[in-house]
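Single-structure report; data block below.
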Amino acid sequence: MAKRIQVVLNQDVSKLGQDGDVVEVAPGYARNYLVPKGFAIPATPAILREVERRREIERQRQLEIKQQAEDRKTALATVGRLVVRKQVGEEKAIFGTVTNQDIADVVREQAGQDIDKRNVTIPD
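Each number in my numbering comes from the position in the sequence shown (counting from 1) with 76 added on.
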């Protein structure tokens, strides 16, 4: 069996891996294709430490995002019911529609949570 070497991918490579992945490839594939085209760099101990440091930073960032989402979920759950006020006609039909922006504004007013209208989904 031929010797394989480790490389760190600089960008996504089809059927091999994604940016930042450490993969084992044939030496010729790394030497003749991946490294010259800038798709990968040889994995040295220093490079591997840097990759691990970046992964840890990304893990921490993901944990912070998850914690913020949990905090927002808890804050919204304590509000209970949100009331959207719209003008209605004589037959109790709403003039216009309730939009994502309307809901984002109501959440901001009643729950004190600033949310982006793009994060609001209204079922049909």
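The C-beta atom is built at its ideal place from N, Cα and C for all residues, glycine as well.
Beta-carbon separation (whole angstroms), residue i vs residue j, contact threshold 8 Å
i, j, result
"ASP95", "LEU110", "Actually they do not touch by this definition, with Cβ atoms about 13 Å apart."
"GLN186", "VAL155", "6 Å"
"ILE179", "VAL160", "7 Å"
"ASN81", "PRO118", "Reading off the sequence, residue 81 comes out as Ile, not Asn. Contact flag correct, Cβ pair sits at about 7 Å."
"LEU158", "VAL183", "6 Å"
Coarse secondary structure for residue i, derived from DSSP in three states
i, result
"GLU164", "Note that residue 164 is Val in the sequence shown, not Glu. Correct three-state label for VAL164: strand."
"VAL183", "helix"
"LEU158", "coil"
"VAL89", "strand"
"ILE170", "strand"
"THR150", "helix"
"VAL111", "coil"
"PRO121", "helix"
"ASP178", "helix"
"GLN138", "helix"
"ILE133", "helix"
"VAL127", "helix"
"GLY188", "coil"
Spatial distance of residue i from residue j (CA atoms)
i, j, result
"ALA106", "ARG131", "23 Å"
"PHE171", "GLY165", "7 Å"
"PRO199", "ASN108", "52 Å"
"VAL83", "GLN136", "25 Å"
"ALA169", "THR175", "16 Å"
"GLN143", "ALA153", "15 Å"
"THR71", "ARG194", "Residue 71 is absent from the structure shown; the chain starts at 77 and stops at 200."
"LYS79", "GLN138", "36 Å"
"ILE133", "GLN163", "49 Å"
"ALA116", "GLU140", "30 Å"
Host beta strand (DSSP E) of residue i (start-end)
i, result
"ILE117", "116-118"
"VAL83", "81-85"
Run of the alpha helix (DSSP H) containing residue i, from where it starts to where it stops
i, result
"VAL98", "Element bounds for VAL98: not the alpha helix (DSSP H) but the beta strand (DSSP E), 98-101."
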